[in-house]
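Chemist: After the structure tokens below, expect a handful of questions from me.
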Amino acid sequence: MSPNELLPIIMVAGFFTMMMIGVPVAISLAVSGFVAGFIGFGPMLFSLLPSRMYGVVSNYTLLAIPLFTFMGVMLEKSRIAVDMLDTIGKAMRGLNGGMGLAIVLVGVLLGASTGIVGATVVTIGLLTLPVLLRRGYKTSIACGTICASGTLGQIIPPSLVLILLADILGESVGSIFAAAFIPSMALASIYAIFILLLGWLRPDWMPAIPLEERSQTSRLQLGKDILSSVLPPLLLVVAVLGSIIAGIAAPTEAASMGALGSLVIAIVSRRLSWQVLKQTLHGTLSISAMIFLILLCSQPFSLAFRGLGGEALVHDLFMMLPGGELGAILFLMAVLFVLGFFLEWIEISYIALPMFLPVFLGYGTDMVWLAILVALNLQMSFLTPPFGWSLFFLKGVAPPGVKTSDIYLGALPFVVLQMLAVALVFFFPALATWLPEAIGW
Amino acid sequence: MMSVVHGIERIVEAVGWVARWCVLLLVLLVAFNVLGRNFLGFSSVAFQEFEWHLLSPIALIGMAYTLKHRADVRVDFLYEKFRPRVRAGIDLFSAIATCAVGGFIAWVAFPYVMQSYRIGEGSPDPGGLSYRYLLKSLLVIGFGLFALQGVADTLRALCALAAKDGGEQTP
Amino acid sequence: RADSNRTFNWKMTNAYAPGSPFYVQGPGSPTDFCERVASMSGGRLKIQHFAAGELIPALEGFDAVSSGLVEMNAANAFFWSGRVPAAQYFTAVPFGMNTQGMNAWIYNGGGLALWEELYEPFGLVPMPMGNTGTQMTGWFRQPLESVDDLNGLQMRIPGLAGRVYSELGVSVRLLPGGEIFPALERGVIDAAEFVGPYQDRRMGLHNAAKNYYTTGWHEPTNVTELIINKGAWDGLPEDLQAIVRNAAQACNNESLAWSDAVNADALEDLVSNEGVIARPLPPEIIARLYEVTNDTLSSMAAADPATQRIHDHFMAFRAKYASWAAVGERGFMNLGDGRA
Ligand code: NA
Ligand code: NA
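Residue numbers (our numbering), protein chains in the order written: chain A, -12 to 428; chain B, 23 to 193; chain C, 6 to 345.
In structure tokens, the structure reads:
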């Protein structure tokens, strides 16, 4: 290997080192990308940066980030979220892990409206993490549940990942949406079963609200609480999803129904003060910009990775592989998983998929099935430590006591569950292919 | 030295004030476009384009704001075990890198903005918004502010390193 | 010649996403163009192709080639109408000319010289490199009976055609490509325009709306544009310049041939197997659209001298071509059903 061929590897290693010793993630990405790009190419390569960055900040679909964040921060600052979760916890009676279950459900509902991981993880994290910790949930389990649930939106249609995959694989968006439906529900169910099992095996990790506290609230009171504190936030989810289903709003702009709704609920419940509004705007701005900072700083990194022939490196690896369709699929899964450690999913889709596509076309592989395998795999990459977008986004909104290691540890079991889902779809392709055929999409 | 730091951070905070109100404007604008279209029959290409125009101030001006409020993300499990002086060293490196990254991007973005200005670039859609160079100039302003906040952080880290105990007391 | 052995390594960016048939890959596509140039030049001109997002975002090619960051870009000229209003005329003009007429104007009617002159200040050399042929009016959830049916209709339609529709009361919606399907399926929009039978079927639009209004009044042709950085172009030896021109012409021909073949199959499949109702717009609507289009084009031309010049030239050629085509192409088609 020539020194230049080693550069992409050195760049990735440099990035890991900086990130692990505590240099901010965004800065680690930018510095490693710039240094490797300058050595391999000179400054010319980076003249393309402004147009790439303008592409990020003029991306219509990313409007969902500030809109959903606003909804989450507003519910948190106006203390609507705390009341909601406490009431849910009480309503779950003696069920250990009950609030965890509620989070998976919220993840499914929010996820159905958008595919922007940053937006959902941040929203759910803000809403639920402080409450879970106060209620004695083990920090790592709480973090893992939130990251995994917040990431569900990627695979639940409609989602950006699915739209992009449909485009790259040459399938209609409709078929891919339909194909993703059953696998995404299966994945959510796997999460739910895991949480129930864990609550049963280790009740101390995800305790139900203590009996004495529950008994202070009468059944009548509980009913009233559900009406006053659970119903309104649930209405928000209905507003977002409902406006899409009723044909009032397109998927991205539907997020504004949630944001506006949270403002209206805060006003109606008399919880909106000047102070709450200021805090909400401050929180929304700093959290949204945190996400954009990472997206923007990943641009020099991915530009250098591409410019330095990182994709050729991956391609060479692929060529060394023993033949066969199954071998190729397994290898693709492995490549996606590894790339997922350090590249953004958009980059992965653009780099890895077009490169491997001719091979699978040659084998006559069912592209709809392949798309779902790829989508599940990409989703896993959001959760894999040390570099998973969901993990960072949750870190960005977690209370000070929560360490990165808690988040990493908590994500691990969910990565394993995710692998289980990939295996299910791999061995039972009908999970993905049946619905599109049945409804004729 | 700390007076320079405070001066810089006042600028970042003041510009951040604009971005904070852009957040509220965005929420109201997108909601208005949805509701107006469905219930008032109001629809405008310019109003739709203005939606994503608001993303730029939030993302780009917000970067320095996020840095100032320490809302950016770092992996902390080793960092927290380091001695204060090592931590201050890492902070110094990060802060200098912030200046360099922000300064460089603002510098390469300048000709990009000028190109748009010379062409008089507007929207390709009739009825859309003109003056794209104003929007693009936020790249220069945003990363410029980012570098400026990096200067403040560099000075702060230097103060911490100069202090005997590694700056344990600095906020 | 001193540089006859020199090899050139160029980059071409593309406004369309990786994998798109016609726009990125397949017969007569930009990647096909790159392969042709490489093989015809014996590897002396190698062009590395980057689809949208791989190197730069979709619509950044004009500036990138203009400033020499990449040597070539593939797109449609009307994407640049925010920078150069007259660029519209080199992709498609509503009620303008069909593909044969467009090629006649560009290659032999003085169109190319005007195009080159228009892009000269930006340091760009343009040429046609592909054509989709006639595009379709689009997908509508409800059938259209009269002009009144357009009033209040929510339609995803970019560019000049959007302006014409909005004069008739249509609400123009700007949506990213990926949201067209879910929005049309749920009725957030009532209608959407995309390309033609093959590309539209690929997007699954027939699952969202069944009324397919055919013959696109707004895009009777659609030219794929190749732009080349002027400095890079001037540095190319004459034989390589000739190879580039010929490869682009070959792709212009081949991409159209491919499109016509796959569209014929796709339309047949949509109508026979997918329950799509394909038909042209009612004459009343066509007449009204034609009126408004003429007014819109005239007022746009009046606002910009460069556009006015190109508009007048285009319209003069169109008048001449129309009388020939009435006897030639249209005359033949009118001989009777099934004669194409
Ligand atoms: Na989704
Ligand atoms: Na990952």
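Glycine residues also receive a C-beta, built at the ideal position from the N, C-alpha and C atoms.
If you're wondering where the values come from, they're calculated on a predicted model, not measured in any experiment.
By how many angstroms is the C-alpha of Arg154 (chain B) removed from the C-alpha of Trp74 (chain B)?
Modeler: Spanning the two alpha carbons is a distance of roughly 12 Å.
Chemist: Where does Trp329 (chain C) sit, in a helix, a strand or coil, going by DSSP?
Modeler: Residue state, collapsed to three classes: helix.
Chemist: Give the single residue among A:Ala78, A:Met406, A:Gly229 whose Cα lies nearest to the Cα of Ile213 (chain A).
Modeler: Residue A:Ala78 is the option with its Cα nearest to Ile213 (chain A).
Chemist: Counting only runs that start and end within the stretch 239 to 294 of chain A, where is the alpha helix (DSSP H) found for 4 or more residues in a row?
Modeler: Here the runs fully enclosed are 261 to 294.
Chemist: Nearest chain C C-beta to Gly42 (chain A) closer than 8 Å, yes or no?
Modeler: Cβ-Cβ to chain C under 8 Å: yes for Gly42 (chain A).
Chemist: Am I right that Val56 (chain B) and Glu312 (chain A) are in contact with their C-beta atoms under 8 Å? What's the rounded C-beta distance?
Modeler: So it is not a contact: roughly 46 Å between Cβ atoms.
Chemist: Exposed or buried, Lys211 (chain A), counting other C-beta atoms within 10 Å across all chains shown (16 or more means buried)?
Modeler: With fewer than 16 Cβ atoms within 10 Å of its Cβ, Lys211 (chain A) is classed as exposed.
Chemist: Would you mind giving the Cβ-Cβ distance between Leu370 (chain A) and Ala410 (chain A), rounded to the nearest angstrom? I have them listed as a contact below 8 Å.
Modeler: Contact doesn't hold; Cβ gap of about 16 Å is too wide.
Chemist: Please name the residues in the stretch 69 to 81 of chain B whose beta-carbon is closer than 7 Å to at least one beta-carbon of chain A, in chain order.
Modeler: Answer in chain order: Glu73, Trp74, Leu77, Ser78, Ile80, Ala81.
Chemist: Candidates C:Phe27, C:Asn108, C:Glu184: which alpha carbon is nearest Leu326 (chain C)'s?
Modeler: Residue identity check: residue 326 (chain C) is Tyr in the sequence provided, not Leu. The option with the nearest alpha carbon to Tyr326 (chain C) is C:Asn108.
Chemist: Any idea which residues DSSP pairs Asn299 (chain C) with across the strands?
Modeler: The partner list for Asn299 (chain C) (beta bridge, DSSP) is empty, contrary to what the question assumes.
Chemist: Here's a check: name, in chain order, each residue in its chain whose Cβ is nearer than 6 Å to the Cβ of Ser25 (chain B), leaving out the five neighbours to either side.
Modeler: Hits under 6 Å: none found.
Chemist: Under 8 Å: do the stretch 76 to 87 of chain B and the stretch 29 to 37 of chain B share three or more Cβ pairs, one atom per stretch?
Modeler: With a cut-off of 8 Å, the stretch 29 to 37 of chain B and the stretch 76 to 87 of chain B count as touching, because enough Cβ pairs lie within range.
Chemist: Report the neighbours of Pro238 (chain A) on chain C: residues whose CB is nearer than 7 Å to its CB, in chain order.
Modeler: The answer, in chain order, is Glu184, Pro187.
Chemist: Where does Asn2 (chain C) fall in DSSP's three states?
Modeler: Summary: the structure shown does not reach residue 2 (chain C), with chain C confined to residues 6 through 345, and so no result is reported for it.
Chemist: Following the continuous beta strand (DSSP E) through Ser176 (chain C), name the residue where it begins and the one where it ends.
Modeler: First-last of the beta strand (DSSP E) with Ser176 (chain C): 176 to 178.
Chemist: Taking 6 Å as the limit between beta carbons, can you name the residues of its chain near Gly248 (chain A), skipping five residues before and five after?
Modeler: These residues qualify, in order along the chain: Leu223, Ala226.
Chemist: Express the C-alpha separation of Val109 (chain A) and Leu54 (chain A) in angstroms, rounding to a whole number.
Modeler: Distance between the alpha carbons of Leu54 (chain A) and Val109 (chain A): 11 Å.
Chemist: Would you check if the distance between the CB atom of Ile177 (chain A) and the CB atom of Ala408 (chain A) is smaller than 8 Å?
Modeler: Cβ distance < 8 Å, so Ile177 (chain A) and Ala408 (chain A) count as in contact.
Chemist: Candidates C:Gly143, C:Asn113, C:Met338, C:Asp239: which alpha carbon is nearest Gly201 (chain C)'s?
Modeler: Gly201 (chain C) has its Cα closest to that of C:Gly143, out of C:Gly143, C:Asn113, C:Met338, C:Asp239.
Chemist: Hey, does Ala43 (chain C) have any beta-carbon neighbour from chain A nearer than 8 Å?
Modeler: Closer than 8 Å: no.
Chemist: Are the C-beta atoms of Leu35 (chain A) and some chain C residue less than 8 Å apart?
Modeler: True, the Cβ-Cβ gap to chain C drops below 8 Å.
Chemist: Does the Cβ-Cβ distance between Ala91 (chain C) and Ala63 (chain C) come in under 8 Å?
Modeler: No. Outside cutoff.
Chemist: Alpha carbon to alpha carbon, how far is Gly189 (chain B) from Val27 (chain B)?
Modeler: Only weak support exists for where Gly189 (chain B) lies, its pLDDT of 48 falling under 50; the value from the coordinates is given anyway. The alpha-carbon atoms of Gly189 (chain B) and Val27 (chain B) are separated by roughly 16 Å.
Chemist: To be precise: take each residue of the stretch 127 to 152 of chain B, compare its Cβ to all Cβ atoms of chain C, and keep it if any distance is under 8 Å. Which residues remain?
Modeler: Listed by position along the chain: Pro133, Tyr134, Gln137, Ser138, Ile141, Gly142, Glu143, Gly144, Ser145, Pro146, Asp147, Pro148, Gly149, Gly150.
Chemist: First and last residue of the alpha helix (DSSP H) that includes Asn108 (chain C)?
Modeler: Looking at the DSSP string, the run of the alpha helix (DSSP H) that includes Asn108 (chain C) is 104 to 108.
Chemist: By the 8 Å beta-carbon criterion, what residues does the stretch 43 to 62 of chain B contribute toward chain C?
Modeler: Correct list: Arg59.
Chemist: If you run the structure through DSSP and keep just helix, strand and coil, what is Pro193 (chain B)?
Modeler: Caution is warranted here: a pLDDT of 40 is assigned to Pro193 (chain B), below 50, making its placement in the model unreliable, and no coordinate value can be reported.
Chemist: Just checking: is the beta-carbon of Asp68 (chain C) within a distance shorter than 8 Å of some beta-carbon in chain B?
Modeler: With 8 Å as the cut-off, Asp68 (chain C) counts as an interface residue toward chain B.
Chemist: In terms of DSSP beta bridges, what is Phe55 (chain C) paired with?
Modeler: Bridge partners of Phe55 (chain C): C:Thr18.
Chemist: Closer than 9 Å by beta-carbon distance: list the chain B residues that pair up with Lys390 (chain A), in chain order.
Modeler: What Lys390 (chain A) touches in chain B: Asp98, Phe99, Glu102.
Chemist: Using the Cα positions of Glu279 (chain C) and Arg207 (chain C), report the straight-line distance between them to the nearest angstrom.
Modeler: The alpha-carbon atoms of Glu279 (chain C) and Arg207 (chain C) are separated by roughly 13 Å.
Chemist: Could you tell me the distance, in whole angstroms, from the CA atom of Gly42 (chain A) to the CA atom of Pro146 (chain B)?
Modeler: Rounded to the nearest angstrom, the two C-alpha atoms are 16 Å apart.
Chemist: Run down chain C in chain order and give the residues with a C-beta less than 7 Å from the C-beta of Val67 (chain B).
Modeler: The contacting residues are Val177, Leu179.
Chemist: Between the C-alpha atoms of Ser162 (chain A) and Leu357 (chain A), what's the straight-line distance to the nearest angstrom?
Modeler: Going from the Cα of Ser162 (chain A) to the Cα of Leu357 (chain A) covers about 12 Å.
Chemist: Who are the near neighbours of Val347 (chain C) in its chain, counting only those whose CB is closer than 7 Å to its CB and skipping five residues on each side?
Modeler: Nothing about residue 347 (chain C) can be read from this structure; chain C reaches only from 6 to 345.
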